[in-house]
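Student: Residue numbers (the UniProt record's numbering): 1 to 119. Think of the CB as a built atom: it goes at the ideal place given N, C-alpha and C, for glycine as much as any other residue.
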């Protein structure tokens, strides 16, 4: 295992809560953007989370990979859908995206296992 993604996102959640307290207006605005962007319309929320996961890989954001892999699991994304999404991320981001695509798959697998164990 490269990283413990559930542990990492749990630790980041605490730091993000602290940020919300220190910059409440900015964080409320960010939350509003997230809610508006994820609202199902022409694309369903699962598809939007897969897009976010691909972007996270392409821009190399560990925290983004973790949170969007978890959200993809919660939205019912299959491993096959994640694999196809990672193919697009690699296509758009080249070599560095290969490294992050492998990590995103690892994160998805860990969150799937966590979801199974708490169900």
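#1: Does DSSP put residue 68 in a helix, in a strand, or in coil?
#2: Rounded to whole angstroms, what is the Cα-Cα separation between residue 20 and residue 11?
#3: How is the alpha helix (DSSP H) around residue 17 delimited, first residue to last?
#4: Go through its chain and collect everything with a Cβ distance to residue 96's Cβ below 8 Å, but skip five positions before and after it.
#5: By the 10 Å Cβ neighbour count, where 16 or more other Cβ atoms means buried, how is residue 66 classified, buried or exposed?
#6: What does the Cβ neighbour count give for residue 98, buried or exposed, with the cut at 16 atoms within 10 Å?
#7: For the segment 24–68, which segments carrying the alpha helix (DSSP H) assignment without a break, of at least 4 residues, lie completely within its bounds, in sequence order?
#8: Please report the Cβ distance between residue 120 and residue 92, rounded to the nearest whole angstrom; I am assuming they are in contact, meaning their Cβ atoms lie under 8 Å.
#9: Rounding to the nearest angstrom, what Cα-Cα distance links residue 30 and residue 41 in this structure?
#10: Give me, in chain order, the residues of the same chain whose beta-carbon lies closer than 7 Å to that of residue 81; leave out the 5 immediate sequence neighbours on both sides.
#11: From which residue to which residue does the alpha helix (DSSP H) around residue 75 run?
Tutor: On the basis of the supplied data:
#1: In the three-state scheme derived from DSSP, where H, G and I count as helix and E and B as strand, residue 68 is classed as helix.
#2: Approximately 15 Å between the Cα atoms of the pair.
#3: That run of the alpha helix (DSSP H) goes 5–22.
#4: Only 60 meet the Cβ criterion.
#5: Result: buried.
#6: Flag for residue 98 reads exposed.
#7: The qualifying runs are 24–38 and 45–59.
#8: Because the chain spans 1 through 119 in this model, residue 120 falls outside it and cannot be assessed.
#9: Cα to Cα, the separation comes out at about 20 Å.
#10: Around residue 81: 50.
#11: Residue 75: not part of any alpha helix (DSSP H); DSSP gives it neither H nor E.
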